[in-house]
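In case it helps, our numbering puts the sequence shown at residues 7 to 370.
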Amino acid sequence: MRHTVTLIPGDGVGPEITRVAKTCVEALGVDIDWDVQCAGASVIEKEKTPLPDSVLDSIAKNKVALKGPVETPVGKGFRSVNVQLRKSLDLFACLRPCKYYEGVRSRITNPSGIDLVIVRENTEDLYAGIEFMATCGGDNPLLTFIRERTGVELTCDTGISIKPISITGSERIATFAFEYAKKYGRKKVTAIDKANIMKLSDGLFMRAAENVSKKYPDILYEHKLVDNMCMQLVQFPEKYDVLVLPNLYGDIISDLAAGIIGGLGVAPGANMGNEYAVFEATHGSAPDIAGQDKANPAGILFSTVLMLAHIGEANAADRLKLAVAEVIREGTSVTADLKKDDDSRPPVGTMAIGEAIIKKVNEI
Ligand code: NAD
């Protein structure tokens, strides 16, 4: 089957790693027409924006995108490309599979069974951007409202961030997590929050997840508090499968999970909604090594694996995953960041690891 996918090379190491992804897809024999679209710092001078409308139009048309990392210039008044993509395309779920691959450095003693999928709600919670700074002197309607409604007396030098969590948003993300579990044969979904303290926001999230779980009797469901979960993930990560969380906890637990499997270098990601999906590595544009053939393409390749599975190319997805895992396990053709301390063999460049993966793809 022929597919059309939007390809955003991005900034820094983005063009180098997405080039490897393209050649691997070709080697797999998957028929993809890449609709190449430029976004990020590199287009600002010409387009006067880091996210031209043509990029959004392309994703809206093709429904699926593979994206390299993009830079958002600090202090220049541009909104983050990633935030704009999420908002414009209603990408309400952030998907972060964190699987340990043999050969990657991890501080966990026995990481081999770690295979987590983090599903983070992307639109609500403390990231909604509703913040106030109380001021001293004069009337303060917000503090008065809080005093009258809750009896809590806040001082006039208090910063206040609002944490909106809705039933609609919570049911939507829980349904996404269960549907993902069902589609990919996962056994258990764990909902994570702090419902014992924030009964109205996190408590609502917990009840929504519980309600949704009843529609999926074949998938185990459990609830955990986020503090306990941090300890569980360090001590017994292999016991967990799909995790579903509100935005803030999802952000933190995603990085914790990436840390236990050996860092962001190999962690794939996707931002998904009901209509559109954007797949990308979780690391940034690595400007310090850009253009030097030093970037590790594993993150974007594992994201390509997710993308291939999403567009119905499950067999190609499995082959690519196996090929990347094998090259990492062998350790002979890997980039410097994947080298173990006691390995004296020299690292290879981005192109060479790409070639080693293509060779494996052809052998599988
Ligand atoms: P970064 O991930 O780019 O780099 C952190 C460190 O990791 C650097 O030492 C870098 O060399 C190394 N690194 C990153 N990717 C690597 C790879 N594939 N192979 C080998 N080493 C790699 O993080 P940063 O420096 O904080 O951010 C740089 C830029 O990237 C910023 O402009 C930031 O806004 C952007 N960024 C974009 C995304 C995205 O588009 N999804 C995500 C994070 C950061």
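All residues carry an ideal CB built from backbone N, CA and C; glycine is no exception.
- Taking 8 Å as the upper bound for CB-CB distance, residue 272 and residue 215 are not in contact here, some 29 Å apart.
- The three-state secondary structure of residue 325, taken from DSSP, is helix.
- Remark: the C-beta of residue 343 is in contact range of ligand 1, defined as less than 8 Å to any heavy atom.
- Distance from the CA of residue 199 to the CA of residue 131, rounded to the nearest whole angstrom, comes to 11 Å.
- For the pair residue 366 and residue 39, the Cα-to-Cα distance works out to about 23 Å.
- Boundaries of the beta strand (DSSP E) harbouring residue 138: 137-139, taken from the DSSP string.
- Relative to ligand 1, residue 350 has its C-beta separated by 8 Å or more from all heavy atoms.
- Going by beta carbons, residue 77 and residue 47 fall inside the 9 Å limit.
- Taking 9 Å as the cut-off, the beta carbon of residue 222 is found no closer than this to the beta carbon of residue 315.
- Between residue 166 and residue 148, the CB-CB gap stays under 9 Å.
- The stretch 343-359 makes contact with the stretch 291-305; the number of CB pairs closer than 8 Å reaches 3 or more.
- For the 9 Å CB-CB criterion, residue 256 and residue 120 do not form a contact.
- Across the set 176, 59, 237, the C-alpha of 176 shows the shortest separation from the C-alpha of residue 207.
- With fewer than 16 other CB atoms across the displayed protein chains lying within 10 angstroms of its CB, residue 37 is exposed.
- In the structure shown, the three-state DSSP call for residue 355 is coil.
- Where residue 183 is concerned, the enclosing alpha helix (DSSP H) starts and stops at 173-189.
- Residue pairing by DSSP places residue 108 opposite no residue, since no beta bridge is assigned to it.
- Distance from the C-beta of residue 87 to the nearest heavy atom of ligand 1 is below 8 Å.
- For residue 78, the shortest separation between its Cβ and any heavy atom of ligand 1 lies below 8 Å.
- Nearest to residue 169 by C-alpha distance, out of 93, 312, 341, 133, is 133.
- DSSP places residue 192 outside both helix and strand once states are collapsed to three, so it counts as coil.
- Beta bridge pairing from DSSP links residue 71 with 12, 284.
- Under the criterion of beta carbons closer than 8 Å, residue 184 and residue 218 qualify as touching, at roughly 6 Å.
- Between ligand 1 and the CB of residue 289, the shortest heavy atom gap is smaller than 8 Å.
- Residue side-chain check: residue 314 keeps its Cβ at 8 Å or more from all non-hydrogen atoms of ligand 1.
- Counting only the Cα atoms, residue 73 lies some 28 Å from residue 246.
- Residue 277 and residue 100 do touch by the CB rule: their CB atoms are close to 6 Å apart, below 8 Å.
- The shortest CA-to-CA distance from residue 105 to any of 19, 339, 239 is the one to 239.
- Not one heavy atom of ligand 1 falls within 8 Å of the beta-carbon of residue 244.
- Non-local C-beta neighbours of residue 75 in its own chain, meaning closer than 6 Å and more than five positions away in sequence, comprise 16, 20, 290, 291, ordered along the chain.
- Excluding five sequence positions before and after residue 129, the CB atoms of its chain that fall closer than 6 Å to its own CB belong to 98, given in chain order.
- Under DSSP, residue 165 shares a beta bridge with 139.
- Under DSSP, residue 251 shares a beta bridge with 126.
- The beta carbon of residue 306 is closer than 8 Å to those of 23, 24, 26, 27, 72, 74, 274, 286, 287 in its chain, skipping five residues each way along the sequence.
- Bounds of the alpha helix (DSSP H) holding residue 32 are 20-34.
- Going by beta carbons, residue 317 and residue 70 fall inside the 9 Å limit.
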